């Protein structure tokens, strides 16, 4: 594991980490972050801005904010992946293939990792070149016409000196949602991903690893399902906008101008209820859209990892990277035949078109008779636009033009962290270690935008100190630890704000207190492992997205809205009942509560707050009773894995069954449940299974059969949360039952 930026045994690391090896990922058919739902304690994955191509992780109640940075950063080969300029989604299809491991670090990682975050980090480590020849070809077929290919070639060019590994993956699958009018399928998959890694060892003490990677996705977009329209909201909003005054809701409903206008524009006869009724009759897998959805994403880059062993106690490492992220979207936000609330993007303008460079130099060493281990380094990151970027503001029946914007961000940060075995001071303290670390980060963000119809620009700069301090005690196979860590998420420039006071936003901060244990032991002779953590997070200066207003212009901005506290418990457990049969279980309890949450209502419609009052435009709403966003109170999963005791001449057989369950979770960031229908996403459980037969009859052929959501459970993974802003609610749903087979041929085995 590399949770402390060096390879260590998971059980020796005083950090809450969940990890999966390449074999685990393959066995459990994990191909996307969404597949991790329920399998990693305290982790949830939301469909980013109602799109499936990028994902937004949340750990321990800390996630992204619309228009701001992610609360959990995805790293690939130790480099943070670029994020969408507005929606903050990262990644892209195909990132989970040919990995060495996947690690989820929980809690603020504000000392050793490059991008400052409040929730944690998801680390994807690709397989590096090995000093032996191996190659494989994999073919895959699934329901919904799924067809995929994957190839890997690993070869030493010069034995133990120059090594190469190339990997490519292609996958195409029809969508499970159809357009009732055109027959076009949504929620399809169509992507390919390629990597080339080269390791060079010119001397015994020098190693350089160069990785190039590229991914391309072009699908038909997400099948959004209309669930309802808000007649009262339409009546009030359009009357208030037309007259410039705040009418009474009774008068607005009596005049009914909003619904009359809606009927005229949409062809509805009763303010959209007939459209909703038609959708309910069709079911969630057949929709009628009013635009032509499309999602096109390309991302890639180069990463160079250089390592020089200066002596037995000191190593110099340098990690440099260049990466890019380009994203084009069209989608129907409400998912209905009414030509309203569509991101039409007629000229295929890029929502994101950015490049990122990072540079990190560090020294890793030991000292004081090997009692001290330390890391000292400096990190630099710059993100800049590479072309025009546009965000189409959503309005009733699409009356607003595209908003052009440009954002440039830079970060530099020196850091140091050391762990000292106190046995170096007193023999009786052997095994008790003290860890201290600090990081100073200087962020700068500047940008321009024409949101609101006027070209404007602004910049933001701030330096922040973060730290970690902890004690851990290792005796035999038991590790006990306690730590305090400080983290933050940077402020910046808001591209869709229209009020000059809101062009920039401030950082948010967390202080995390955690105790935990990691233990290997036996239960009546059966090997067992239990890792657990108990934590409390103090969350201040929360970043929350809200409506922005300047005169008659509306936009969105990030506001510093208050403070909250989050507490929770996490556990991973393993028990080997007998040779070949293993049970795995995990559980997480998370409780988030706002201690203070106030937000000015800049929207046209009044906003319900926690006092029961309807706060008019310009008033301040008290929102501390709003449920915490994307924070299910309970999560659990259990896996039974059995290695069949067959004759080795038959091969190796392995079967596993996993059931994962996620409690209901609230999806809106600032509206009360009674004012935001559908904001609660219901609890759901998923049953997955796989069977592997490797080295079939002593041949170089592997077979895997897999199935996900075997009970074909229907569950929602996203809600639009714009009931009182643009007057509808829509959902996207999780994948139906998917099953398939993979056949792999190994060369040189």
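Numbering (this note's numbering), first residue to last: 1296 to 2044. Heads up, the beta-carbon is just placed ideally off N, CA and C, and yes, glycines get one too. From a predicted model like this one, the values you see are computed outputs, not experimental measurements.
Within the same chain, show all residues whose beta-carbon is closer than 6 Å to that of residue 1864, passing over the 5 residues directly before and after it, in chain order. Answer for residue 1864: 1829 and 1884, listed in chain order.
Quick one: residues in its chain with C-beta nearer than 6 Å to the C-beta of residue 1782, no 5 flanking neighbours on either side, listed in chain order? Taken in chain order, the residues that qualify are 1403, 1405, 1413, 1761 and 1805.
For a test of the three-state rule: what should DSSP assign to residue 1797, helix, strand or coil? If DSSP states are grouped into helix, strand and coil, residue 1797 belongs with the helices.
Between the beta-carbon of residue 1979 and the beta-carbon of residue 2008, is there less than 7 Å? yes
Determine the closest residue to residue 1810 out of 1841, 1775 and 1793, with distance taken between C-alpha atoms. 1775
DSSP three-state call for residue 1541: helix, strand or coil? Residue 1541 falls in the coil class under three-state DSSP.
Would a C-beta distance cut-off of 7 Å place residue 1965 and residue 1998 closer than the cut-off? no
Residue 1547 bridges to which residues according to DSSP? None; residue 1547 has no bridge partner.
Inside the stretch 1358-1404 only - beta strand (DSSP E) runs reaching at least 3 residues: Taken in chain order, the whole beta strand (DSSP E) runs of length 3 or more contained in the stretch 1358-1404 are 1367-1371 and 1394-1401.
Report the three-state DSSP secondary structure of residue 1601 (helix, strand or coil). strand
Measure the alpha-carbon distance for residue 1638 versus residue 1477 and round it to whole angstroms. 19 Å
Please classify residue 1428 as buried or exposed, where buried requires at least 16 other C-beta atoms within 10 Å of its C-beta. exposed
Using alpha carbons as the reference points, say which of 1705, 1834 and 1851 lies closest to residue 1842. 1851
I believe residue 1597 touches residue 1507 by the beta-carbon criterion, under 8 Å. Please report the beta-carbon distance rounded to the nearest angstrom. 5 Å
The alpha helix (DSSP H) spanning residue 1319 covers which residue range? 1317-1322
How is residue 1337 classed by DSSP in three states: helix, strand or coil? Three-state result, residue 1337: coil.
Starting from residue 1569 and walking both ways along the alpha helix (DSSP H), at which residues does that stretch end? 1568-1577
Provide the residue span of the beta strand (DSSP E) that contains residue 1805, from first to last. 1803-1818
Give the C-beta separation of residue 2005 and residue 1935 to the nearest angstrom, bearing in mind that I take them to be a contact with Cβ-Cβ under 8 Å. Not confirmed; about 14 Å, so no contact.
Just mark residue 1622 as buried or exposed, buried being the case when its beta carbon has 16 or more other beta carbons within 10 Å. buried
Can you check whether the CB of residue 1710 is closer than 7 Å to the CB of residue 1739? no
Indicate whether residue 1916 and residue 1897 have their beta-carbon atoms separated by less than 7 Å. Taking 7 Å as the cut-off, the Cβ atoms of residue 1916 and residue 1897 do not count as close.
Please classify residue 1646: is it buried, with 16 or more other beta-carbons within 10 angstroms of its beta-carbon, or exposed? buried
Using only the alpha-carbon positions, how far apart do residue 1728 and residue 1907 sit? 52 Å
Please classify residue 1472: is it buried, with 16 or more other beta-carbons within 10 angstroms of its beta-carbon, or exposed? Counting of Cβ neighbours within 10 angstroms places residue 1472 among the buried residues, the total reaching 16 or more.
Can you have a look at residue 1854 and say buried or exposed, based on whether 16 or more other CB atoms are within 10 angstroms of its CB? buried
Enumerated in chain order, which unbroken segments of the beta strand (DSSP E) with a length of 3 residues or greater are wholly contained in the stretch 1806-1892? 1821-1835, 1838-1845, 1848-1855 and 1857-1873
For residue 1984, count the other beta carbons within 10 Å of its own beta carbon; 16 or more makes it buried, fewer makes it exposed. Which is it? buried
Short check: CB of residue 1910 to CB of residue 1848, under 7 Å? The beta carbons of residue 1910 and residue 1848 sit no closer together than 7 Å.
Mind checking which residues open and close the beta strand (DSSP E) that includes residue 1647? 1645-1662
Is DSSP giving residue 2046 helix, strand or coil here? No information on residue 2046 is available, as it lies outside the stretch 1296 to 2044 that the chain covers here.
Among residues of its own chain, excluding the 5 on either side of residue 1845, which ones have a beta-carbon nearer than 8 Å to its beta-carbon? 1747, 1793, 1794 and 1795
Along the chain, which unbroken stretches of the alpha helix (DSSP H) at least 4 residues long are found entirely within the stretch 1695-1775? Counting only runs of 4 or more, we get nothing.
Write down the C-beta distance between residue 1951 and residue 1322 rounded to the nearest angstrom, noting that I regard them as a contact closer than 8 Å. 6 Å
What is the DSSP secondary structure of residue 1535, reduced to helix, strand or coil? Residue 1535 falls in the helix class under three-state DSSP.
Beta-carbon proximity check, residue 1716 vs residue 1769, cutoff 7 Å: no
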